[in-house]
Amino acid sequence: MTVVIVVCGVLLAVGAVCAVIRAERGPSMLDRTVALDIVVTTLTAAGALFAAVERRTDIVPILVVLSLVGFVGSVTIARFASVEPEGEGRVRTPEEVAADSAEALRLEELAEAAAHPRPGEPAEPALPAPPAPPQPDDATGDVR
């Protein structure tokens, strides 16, 4: 039994050290959050190991509170760290989906037509003529 307790303690210590190293190195805030969540979980497991070895049931409420604190902390950080891309935060209506599909199809057809013009048609679509410059009024000289 003592060997099992020692092996569990060593594994918990190694896991906590690896998690602290990961929290220190990063590179992102979410990596650090996961690492610190692992540290809290390791502390909870160490407390459970201690409670099992000493046969103490009065530590269980402390373990539950520690688990809840770790969970709420991780969820809170994940909630504020997540960034939703534009337009991804809501469900689109069928009309919006159909409009997006029609627009994509129209753009695809325009790209195809520009890539392969028909014989006798200009390769580039004709641009509208620029507006005529303003002409001065003959009587007053003001620009119309």
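Quick note: to get my numbering, add 1153 to the position in the sequence shown (first position is 1).
Positions of the beta carbon are idealized from the N, C-alpha and C atoms, including for glycine.
Just so you know, these numbers come straight off a predicted model, no measurement behind them.
Buried or exposed, going by whether 16 or more other CB atoms sit within 10 Å of the CB of residue i?
{"i": "I1191", "result": "buried"}
{"i": "T1155", "result": "exposed"}
{"i": "T1197", "result": "buried"}
{"i": "T1210", "result": "exposed"}
{"i": "A1169", "result": "buried"}
On a CA-only basis, which of the options is nearest residue i? Give me that one, please.
{"i": "L1183", "options": "R1209, T1229 and R1259", "result": "T1229"}
{"i": "L1164", "options": "S1181, T1195, E1177 and V1187", "result": "T1195"}
{"i": "A1188", "options": "A1172, L1258, S1181 and R1178", "result": "A1172"}
{"i": "P1214", "options": "V1206, F1224 and A1201", "result": "A1201"}
{"i": "V1369", "options": "R1232, A1199, A1234 and E1207", "result": "Because residue 1369 is not part of the residues shown, which for the chain are 1154 to 1297, the question remains open."}
{"i": "F1203", "options": "E1262, G1162 and S1254", "result": "G1162"}
If you follow the alpha helix (DSSP H) that residue i is in, where does it begin and where does it stop?
{"i": "T1197", "result": "M1182 to E1207"}
{"i": "V1222", "result": "V1213 to A1234"}
{"i": "T1210", "result": "From DSSP, T1210 is part of no alpha helix (DSSP H); its letter is neither H nor E."}
{"i": "T1246", "result": "Per DSSP, T1246 belongs to no alpha helix (DSSP H) and is neither H nor E."}
{"i": "G1162", "result": "T1155 to R1178"}
Heavy atom of the ligand FAD less than 6 Å from the Cβ of residue i, yes or no?
{"i": "V1187", "result": "You won't find the ligand FAD in this model; it holds no ligand whatsoever."}
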